[in-house]
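Below is one structure; the comments refer to it alone.
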Amino acid sequence: MSDARFEPASGLRGELRAPPDKSISHRAALLGGFGTRTTRISRYLDSADTRSTLGAVEALGARVDILAAEQGGLEVEIAGFGLRGAAEPSGPIDVGNAGTLIRLIVGLLAGQEGRRFTLDGDESIRRRPMGRVTRPLTRMGAKILATDEDHAPLIVGGQQLQAAEHRLTVASAQVKSCLLLAGLLATDGPTTVREPAETRDHTERMLRAAGARVSVARESGVPTDPAPGVIAVEPVDELELPDLSVPGDPSSAAFHIVAGLITGGSDVRVRGVGLNPTRIGLLGILNRMGANIEISEDSHEAGEAVGSVRARSGSLRGARVVPAEVALTIDELPLVGLLGCFAEGETVVTGAEELRHKESDRIAGVVDALRAMGGEAEALEDGFVVTGRGGLRGGTIDSRGDHRLAMLGAVAGLASREGVVIEGFDAAGVSYPGFETDLRSLVG
Ligand code: S3P
Numbered sequence: 488m489s490d491a492r493f494e495p496a497s498g499l500r501g502e503l504r505a506p507p508d509k510s511i512s513h514r515a516a517l518l519g520g521f522g523t524r525t526t527r528i529s530r531y532l533d534s535a536d537t538r539s540t541l542g543a544v545e546a547l548g549a550r551v552d553i554l555a556a557e558q559g560g561l562e563v564e565i566a567g568f569g570l571r572g573a574a575e576p577s578g579p580i581d582v583g584n585a586g587t588l589i590r591l592i593v594g595l596l597a598g599q600e601g602r603r604f605t606l607d608g609d610e611s612i613r614r615r616p617m618g619r620v621t622r623p624l625t626r627m628g629a630k631i632l633a634t635d636e637d638h639a640p641l642i643v644g645g646q647q648l649q650a651a652e653h654r655l656t657v658a659s660a661q662v663k664s665c666l667l668l669a670g671l672l673a674t675d676g677p678t679t680v681r682e683p684a685e686t687r688d689h690t691e692r693m694l695r696a697a698g699a700r701v702s703v704a705r706e707s708g709v710p711t712d713p714a715p716g717v718i719a720v721e722p723v724d725e726l727e728l729p730d731l732s733v734p735g736d737p738s739s740a741a742f743h744i745v746a747g748l749i750t751g752g753s754d755v756r757v758r759g760v761g762l763n764p765t766r767i768g769l770l771g772i773l774n775r776m777g778a779n780i781e782i783s784e785d786s787h788e789a790g791e792a793v794g795s796v797r798a799r800s801g802s803l804r805g806a807r808v809v810p811a812e813v814a815l816t817i818d819e820l821p822l823v824g825l826l827g828c829f830a831e832g833e834t835v836v837t838g839a840e841e842l843r844h845k846e847s848d849r850i851a852g853v854v855d856a857l858r859a860m861g862g863e864a865e866a867l868e869d870g871f872v873v874t875g876r877g878g879l880r881g882g883t884i885d886s887r888g889d890h891r892l893a894m895l896g897a898v899a900g901l902a903s904r905e906g907v908v909i910e911g912f913d914a915a916g917v918s919y920p921g922f923e924t925d926l927r928s929l930v931g
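Residue numbers for the sequence shown follow our numbering, beginning at 488 and rising by one.
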């Protein structure tokens, strides 16, 4: 575990390219591995989490060739073993810290008839709830043994799965994706997933590109925007994922954008940012806070809109995050708390109980960190309230081994009056190993 210190900066200037998207990288490796063709993925995220996914598909029989590595992105070729062709590995599959990997892959492994797999990961993975995927999979005929019925390690005995209709009680793209992937392997008709609020739709987009039939019906007349919906997937024989280039990660870009907004004298631009509408809840919240941002959409990669975001420092006002925005901003909510310290008035996040089940309890983590840096923050069961007091003094915070808290501390340090030390800063490498270099490149 290593610490890092970030001193106050007098302004951030310049531009950089967002690192490749973590969610899309995981999905590309999985659909490539369980596909039949050889897929070339450009700008595959080079991070601990997404390396775990390459390791997992390799352990199951895919050929994974890393052809080049540059600027946080890998050029990877994956020769898949086919949708029903995973080989039984010699030992447990190690998912490391990657919740997306374990929750998505278990849906695919549950349908590998006659083979047995063990999925395990680090301390944080062993604490995270898995019943949310294993219980609905069991309704499809899956045989999965979980520790205390809810935790990894998971022991999966592959079965022929049956289609099912699922109604999710939590809005989770990981759970939705798991069940859609299992639905590909079912015998009898479409599998449907009703989500209580819209969540990121990268799986749906990529499945369609790989030849699967996926349809979405939004419920009309529901007084939330975006409305909940029902996603249906048909079983398929094979997946054929075309070559793709991974767009930049809006959740990683968010750290530089927020750094630009709260560090006086800043003007930064992040290029190549994925602008999928199911990922950019933060931008709407920033608009309500009166943030000085400019967004320009300029291209498409892997079926996703991509563009650049310019952020300039200025005054901010507190905002209330509405429940329908929560899933669309889930990984950026800690940054909303940080912004609240620099805004006038109160910033309130509710309906976000899910934050307690991330890599760490992010409600406790954010509130403790903001207070340790001189902020005024109060935890709620399902969110937090932050009262702006003209910025942050600085201090020492604990990353709790959580990459997003580590990066939040760095941004806070630049914008603070006295600087911030982050204990366990190396956690940032889980999603963004080049983060420190990129952030410091903006400091004049
Ligand atoms: C992810 C979905 C979100 C998010 C996570 C990545 C994904 O989790 O927090 O970082 O790639 O599907 P939930 O779906 O559990 O909310």
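Ideal placement from N, C-alpha and C gives every residue a C-beta, glycine not left out.
Under 8 Å, with one C-beta from each stretch per pair, do the region 730-744 and the region 492-510 reach the 3-pair mark?
These segments touch.
Which residue's Cα is closest to the Cα of Arg681: Ala697, Ala673, Ala651?
Across the set Ala697, Ala673, Ala651, the C-alpha of Ala651 shows the shortest separation from the C-alpha of Arg681.
Who are the near neighbours of Val544 in its chain, counting only those whose CB is closer than 6 Å to its CB and skipping five residues on each side?
Ala516, Gly520, listed in sequence order.
With a threshold of 7 Å (Cβ to nearest heavy atom), would Asp818 be considered close to the ligand S3P?
Indeed, a heavy atom of the ligand S3P lies less than 7 Å from the Cβ.
So, with DSSP's three-state summary, where would you put Glu721?
Note: Glu721 maps to coil in three-state DSSP.
Which parts of the region 517-565 are runs of the beta strand (DSSP E), unbroken and 3 residues or longer, counting only runs that do not cross its ends?
Counting only runs of 3 or more, we get 525-532, 550-557.
So does Ala660 have its beta carbon nearer than 7 Å to some heavy atom of the ligand S3P?
Distances from the CB of Ala660 to the heavy atoms of the ligand S3P include at least one below 7 Å.
Could you check whether the region 782-800 touches the region 752-761, counting it as contact only if at least three pairs of C-beta atoms, one from each stretch, sit closer than 8 Å?
Output reads yes: the region 752-761 touches the region 782-800.
Can you tell me whether Gln558 is buried or exposed, with buried defined as 16 or more other CB within 10 angstroms of its CB?
Classification for Gln558: exposed.
Who does His653 pair with in a DSSP beta bridge?
Bridge partners of His653 according to DSSP: Val680.
When burial is assigned at 16 or more other CB atoms within 10 Å of the CB, is Leu632 buried or exposed?
It counts as exposed.
For Thr837, collect the residues of the same chain with a Cβ closer than 6 Å to its Cβ; drop the 5 residues on either side in sequence, then sort them by chain order.
If the five residues before and after Thr837 are omitted, its C-beta is found closer than 6 Å to the C-beta atoms of Asp869, Gly870, all from its own chain and listed in chain order.
As assigned by DSSP and simplified to three states, the class of Leu694
The answer is helix: DSSP assigns Leu694 an H, G or I state.
Under 7 Å from any heavy atom of the ligand S3P, does the C-beta of Thr537 make it?
Because no heavy atom of the ligand S3P lies under 7 Å away, the Cβ of Thr537 does not count as near it: no.
Minimum C-alpha distance to Ser659 - residue among Ser886, Gln646, Ser802, Thr587:
Among Ser886, Gln646, Ser802, Thr587, the Cα nearest to that of Ser659 belongs to Thr587.
I believe His844 touches Arg615 by the beta-carbon criterion, under 8 Å. Please report the beta-carbon distance rounded to the nearest angstrom.
With a contact defined as Cβ atoms closer than 8 Å, His844 and Arg615 qualify at about 6 Å.
Residue interval of the beta strand (DSSP E) (run including His638)
Counting along the chain, the beta strand (DSSP E) containing His638 begins and ends at 638-644.
Could you check what DSSP says for Gly501 in three-state terms: helix, strand or coil?
For Gly501, the secondary structure class from DSSP, reduced to helix, strand or coil, is strand.
Answer yes or no: the CB of His653 versus the heavy atoms of the ligand S3P, is any distance below 7 Å?
His653 Cβ: outside cutoff for every heavy atom of the ligand S3P.
Spell out a yes or no on whether the region 562-575 and the region 519-536 are touching, meaning 3 or more CB-CB pairs, one atom from each, closer than 8 Å.
In short, these stretches touch, since the Cβ pair count reaches three.
Roughly how many whole angstroms lie between the Cα atoms of Gly676 and Arg700?
If I take the Cα positions, the gap works out to 11 Å.
By Cβ distance, which residues of its chain are closer than 8 Å to Gln646, with the 5 residues on each side in sequence left out?
Excluding positions up to five away in sequence, the list reads Ala597, Gly598, Glu600, Gly628, Ala629, Lys630.
So the alpha helix (DSSP H) Asp855 belongs to, where does it begin and stop?
Residues 849-859.
Here's the rule I'm using: 16 or more other beta-carbon atoms within 10 Å means buried, otherwise exposed. How should Ser664 be labelled?
With a 10 Å radius around the Cβ and a threshold of 16 neighbouring Cβ atoms, Ser664 comes out buried.
Return the residue from the list Asp724, Arg804, Ile772, Val907 that minimises the CA-CA distance to Ala741.
Comparing Cα-Cα distances from Ala741 to each of Asp724, Arg804, Ile772, Val907, the minimum goes to Ile772.
Between the Cα of Ile884 and the Cα atoms of Gly900, Glu685, Val873, which residue gives the shortest distance?
Checked all of Gly900, Glu685, Val873; the closest Cα to Ile884 is Gly900.
By the 10 Å Cβ neighbour count, where 16 or more other Cβ atoms means buried, how is Asn584 classified, buried or exposed?
Buried, by the Cβ-count rule.
For Val703, is the classification buried or exposed, using 16 other Cβ atoms within 10 angstroms of its Cβ as the cut-off for buried?
Exposed, by the Cβ-count rule.
Which residue from Gly498, Gly916, Arg927, Gly931 puts its Cα closest to that of Leu532?
It is Gly916.
Select from Arg619, Leu926, Ser510 the residue whose C-alpha is nearest the C-alpha of Thr750.
For Thr750, the nearest C-alpha among the options comes from Leu926.
Pull the bridge partners of Arg492 from the DSSP assignment, please.
BP columns for Arg492 point to Val908.
In this structure, does DSSP put Leu829 in helix, strand or coil?
It is worth fixing the name first, because residue 829 is Phe in this sequence and not Leu. In this structure, Phe829 counts as helix in the three-state DSSP scheme.
Where His787 falls, given that 16 or more other Cβ within 10 Å makes a residue buried
Exposed is the call here.
Would you mind reading off the limits of the alpha helix (DSSP H) that contains Arg887?
For Arg887, no alpha helix (DSSP H) encloses it, and the DSSP letter there is neither H nor E.
Quick check: the Cα distance between Ala859 and Ala851, rounded to an integer number of angstroms?
Distance between the alpha carbons of Ala859 and Ala851: 12 Å.
Express the C-alpha separation of Asp688 and Ala811 in angstroms, rounding to a whole number.
Rounded to the nearest angstrom, the gap between the Cα atoms of Ala811 and Asp688 is 15 Å.
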